[in-house]
Amino acid sequence: MTETTTTGTTITEGGVVLVDPSTKSYTYTVNIAWAATIGLLVVLVLVSLWQGARVKRTLAEAEARKGQKANG
Numbered sequence: 009m010t011e012t013t014t015t016g017t018t019i020t021e022g023g024v025v026l027v028d029p030s031t032k033s034y035t036y037t038v039n040i041a042w043a044a045t046i047g048l049l050v051v052l053v054l055v056s057l058w059q060g061a062r063v064k065r066t067l068a069e070a071e072a073r074k075g076q077k078a079n080g
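Now the structure itself:
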């Protein structure tokens, strides 16, 4: 088995230094990563909805032109 020792906020397990997740700098980094991820997802959804509306409008215009040619 590996030996685990704790000194302050540093945990070492089998010679590997593990970062304590309660450290402020780590928490700040994780929160920034979450905010960036959520922000990018929101942007992705908004761009997708905008493009979908644009394609739907273009398709409706094309079908209207096609219907006018068939009737006239």
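Numbering of the sequence shown is given in this note's numbering, commencing with residue 9 and proceeding in unit increments. Using N, Cα and C, we set each Cβ at its ideal position, and we do this for glycine too. What you are looking at is a predicted structure, and each value in this text was computed from that prediction instead of being measured.
inquiry  = Can you give me the C-alpha to C-alpha distance between Trp58 and Leu52, rounded to a whole angstrom?
reply    = Counted from its first residue, the sequence shown places residue 58 at position 50. Counted from its first residue, the sequence shown places residue 52 at position 44. Each residue's Cα considered, the two are about 10 Å apart.
task = Measure the alpha-carbon distance for Thr45 versus Ala72 and round it to whole angstroms.
result = Against the sequence shown, residue 45 aligns to sequence position 37. Against the sequence shown, residue 72 aligns to sequence position 64. Rounded to whole angstroms, Thr45 to Ala72 spans 41 Å at the Cα level.
inquiry  = Measuring only the C-alpha atoms, how far is Gly60 from Thr66?
reply    = On the sequence shown, residue 60 is found 52 positions in, with the first residue counted as 1. On the sequence shown, residue 66 is found 58 positions in, with the first residue counted as 1. Those two C-alpha atoms are separated by around 10 Å.
query = DSSP state of Val50, grouped into three classes?
reply = Position 42 of the sequence shown, counted from the first residue, corresponds to residue 50. Of the three classes helix, strand and coil, the one that applies to Val50 here is helix, per DSSP.
query = So what's Val25 in DSSP terms, helix, strand or just coil?
reply = Along the sequence shown, read from residue 1 onward, the residue named residue 25 stands at position 17. DSSP places Val25 in strand when its eight states are reduced to three.
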